[in-house]
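Worksheet: the structure to be examined is printed underneath.
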Amino acid sequence: MGASLVVVEEEVKMSAIGAGINVDLPRGHLVVDIGGGTTDIAIISAGEIVVSRSVKVAGKSLNEEIVKYIRSEYNVAIGIVTAEKVKKNIGSLVKYPNERSIQIYGRDIVSGLPKEAKITSDEIRNVLLSSFSKITDVVIEVMENTPPELAGDIMKNGIMLCGGGALIRNIDKYFFDIFQLPTKIAAEPLGCVIEGTKLYEKTILRKVEEGVYDDQQKTYLEGLS
Ligand SMILES: Nc1ncnc2c1ncn2[C@@H]1O[C@H](COP(=O)(O)OP(=O)(O)O)[C@@H](O)[C@H]1O
Ligand SMILES: [Mg+2]
Numbered sequence: 007m008g009a010s011l012v013v014v015e016e017e018v019k020m021s022a023i024g025a026g027i028n029v030d031l032p033r034g035h036l037v038v039d040i041g042g043g044t045t046d047i048a049i050i051s052a053g054e055i056v057v058s059r060s061v062k063v064a065g066k067s068l069n070e071e072i073v074k075y076i077r078s079e080y081n082v083a084i085g086i087v088t089a090e091k092v093k094k095n096i097g098s099l100v101k102y103p104n105e106r107s108i109q110i111y112g113r114d115i116v117s118g119l120p121k122e123a124k125i126t127s128d129e130i131r132n133v134l135l136s137s138f139s140k141i142t143d144v145v146i147e148v149m150e151n152t153p154p155e156l157a158g159d160i161m162k163n164g165i166m167l168c169g170g171g172a173l174i175r176n177i178d179k180y181f182f183d184i185f186q187l188p189t190k191i192a193a194e195p196l197g198c199v200i201e202g203t204k205l206y207e208k209t210i211l212r213k214v215e216e217g218v219y220d221d222q223q224k225t226y227l228e229g230l231s
């Protein structure tokens, strides 16, 4: 493809950069990236991932849980696209003003005929909460494995939420209630990785121009051979 320099980096580090964190400073940051297949949780400091964990609870599994819930509660089979719509339209982690219901259409699993059901925000919140408790368990595990030197930074900088899952209503309140740490949602949760990668590329190209990166790269390649 004509690439002259290939750099492999962790997605969560790119998310952090895209969320506006200056990862090169020797300050600890906690990033929670809730994507489609996995939620990646990491402590980043001085350009390095200090601790990280990944858990297979994210956008897709949340949709699957919604499908399961509607099937068991209403005897209605719905598809993933409907579940995704329910999640986006009424999904939340903490009660929000003017909560709505949503009318969904699926197939009655007993009669096989089309059937409709009305689903409330409350119901979906309960489904989402039981999945999110698995995410917060892993966040705790990451904190437990964080060097104590970084504890002060984490208390001050708090949690940065990114990835599409960060768009779930009141997710910041939910994390704040549990961890009592300042919690921010990235400005563009779905674009963090791309934005971060673009910024990171510029940093690398600058280093190459300054001759700094080239040396590192050479040492790295020599180390491999
Ligand atoms: N408004 C929203 N509310 C809840 N989830 C959302 C919303 N918008 C997108 N998502 C979810 O975000 C996920 C994709 O996020 P993304 O960060 O792009 O994932 P990945 O990095 O794994 O490709 C999808 O599973 C989608 O359901
Ligand atoms: Mg991602």
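Position one of the sequence shown corresponds to residue 7 (this note's numbering), numbered consecutively onward.
Glycine residues also receive a C-beta, built at the ideal position from the N, C-alpha and C atoms.
Predicted model, so just to flag it, every value in this text is computed and none were measured.
Proximal residues to residue i (C-beta, below 8 Å), its chain only, five neighbours per side dropped
i, result
"glutamate 207", "none"
"isoleucine 210", "Leu11, Val13, Tyr219"
Cβ-based neighbour list, residue i, same chain, cut-off 6 Å, excluding 5 preceding and 5 following
i, result
"cysteine 168", "Ser21, Ala25, Asp39, Ala192, Pro195, Cys198"
"valine 57", "Ile49, Val148, Asn151, Thr152"
"valine 29", "Ala22, Ile23, Ile50, Gly53"
"isoleucine 86", "Asn69"
Presumed contact (8 Å Cβ cut-off) between residue i and residue j, rounded CB distance
i, j, result
"lysine 62", "threonine 44", "6 Å"
"leucine 119", "asparagine 176", "Going by Cβ atoms, the distance from leucine 119 to asparagine 176 rounds to 37 Å, so no, they are not a contact pair."
"leucine 205", "isoleucine 23", "5 Å"
Residue i - partner residues in DSSP beta bridges
i, result
"lysine 121", "Gly112"
"leucine 167", "Val38, Ile191"
"aspartate 46", "Asp39, Ser60"
"valine 82", "Asp114"
"glutamate 54", "Ser51"
"arginine 175", "Ser98"
Residue range of the unbroken alpha helix (DSSP H) whose run includes residue i
i, result
"asparagine 232", "It is not possible to answer for residue 232, since the shown part of the chain is limited to 7 through 231."
"glycine 97", "First-last for glycine 97: undefined, no H or E at that position."
"threonine 142", "127–150"
"leucine 31", "Element bounds for leucine 31: n/a, residue is neither H nor E."
"alanine 22", "17–24"
"glutamate 201", "198–215"
7 Å Cβ shell around residue i - same chain, five flanking residues per side excluded
i, result
"isoleucine 84", "Val73, Ile76, Ile110, Gly112"
"asparagine 81", "Asp114, Ile115, Val116"
"valine 133", "Glu71, Ile72, Tyr75"
"aspartate 46", "Glu17, Val18, Asp39, Ser58, Ser60"
"phenylalanine 182", "Thr189"
"serine 67", "Ser137"
Any non-hydrogen atom of ligand 3 within 6 Å of residue i CB
i, result
"glycine 197", "Ligands present in the displayed structure are limited to ligand 1 and ligand 2, and ligand 3 is not among them."
If you measure from each CB to the nearest heavy atom of ligand 2 and keep those under 6 Å, what residues do you get, in chain order? Glu17, Asp39, Gly41, Gly169, Val199
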